[in-house]
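K.L.:
Residue numbers (this note's numbering): 13 to 137.
All C-beta atoms in this analysis are idealised placements derived from N, C-alpha and C, irrespective of residue type, glycine included.
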Amino acid sequence: MKNPIATNNAPGAIGPYSQAIDAGSFIFCSGQIPVNPATGEIPEGITAQTAQSLANVKAILAEAGLTVDNVVKTTVFLADMNDFAAMNAVYAENFTEPFPARSAVAVKDLPKKVLVEIEVIATRS
13 MKNPIATNNA
23 PGAIGPYSQA
33 IDAGSFIFCS
43 GQIPVNPATG
53 EIPEGITAQT
63 AQSLANVKAI
73 LAEAGLTVDN
83 VVKTTVFLAD
93 MNDFAAMNAV
103 YAENFTEPFP
113 ARSAVAVKDL
123 PKKVLVEIEV
133 IATRS
């Protein structure tokens, strides 16, 4: 079973992918960049961009009837690993123990020249 999840409260998919896929017990959310879905604007700075990316993730999870408490794994893509501490501070405000497993990697470039992209895997159990 593979059902797409879509909401207008997060940026729409602009290519051949879904915002998220409901695979029964698991929800796989595509990476979310910090685009405000209402305005299309991208905030400045890693702190604001991390907050917007996580707001987009939360909107997709809400569409599936879930919250960040259901997240079991995250991957954070950073344009600059020097932004890790600032990203991590915002990230820590959005997750509680037991924290999801996480990978954080620096990448050469991200869409729209943003500083961060966050993807998550959540579970219904």
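If you follow the alpha helix (DSSP H) that Thr62 is part of, which residue opens it and which one closes it?
P.N.:
Its alpha helix (DSSP H) spans residues Ile58 to Glu75.
K.L.:
I'd like the span of the beta strand (DSSP E) that includes Val84, first residue to last.
P.N.:
That run of the beta strand (DSSP E) goes Val83 to Leu90.
K.L.:
Find the nearest neighbour of Ser30 within the set Thr51, Val69 and Pro55, judged by alpha-carbon distance.
P.N.:
Comparing Cα-Cα distances from Ser30 to each of Thr51, Val69 and Pro55, the minimum goes to Val69.
K.L.:
How about Ala59 and Ala98: do their beta carbons lie closer than 7 Å?
P.N.:
The sequence shown places Thr at residue 59, not Ala. Yes.
K.L.:
Do Gln61 and Leu127 have their CB atoms nearer than 7 Å?
P.N.:
In contact: Gln61 and Leu127 (Cβ atoms closer than 7 Å).
K.L.:
Tell me, please, which residues DSSP counts as bridged to Val126.
P.N.:
DSSP output for Val126 lists no bridge partner at all.
K.L.:
Which residues in the same chain as Arg114 place their Cβ atom closer than 6 Å to its Cβ, once the five residues preceding and following it in sequence are excluded?
P.N.:
Contacts found: Thr86.
K.L.:
DSSP has Asn15 in a bridge; who is on the other side?
P.N.:
Paired residues: Asp34.
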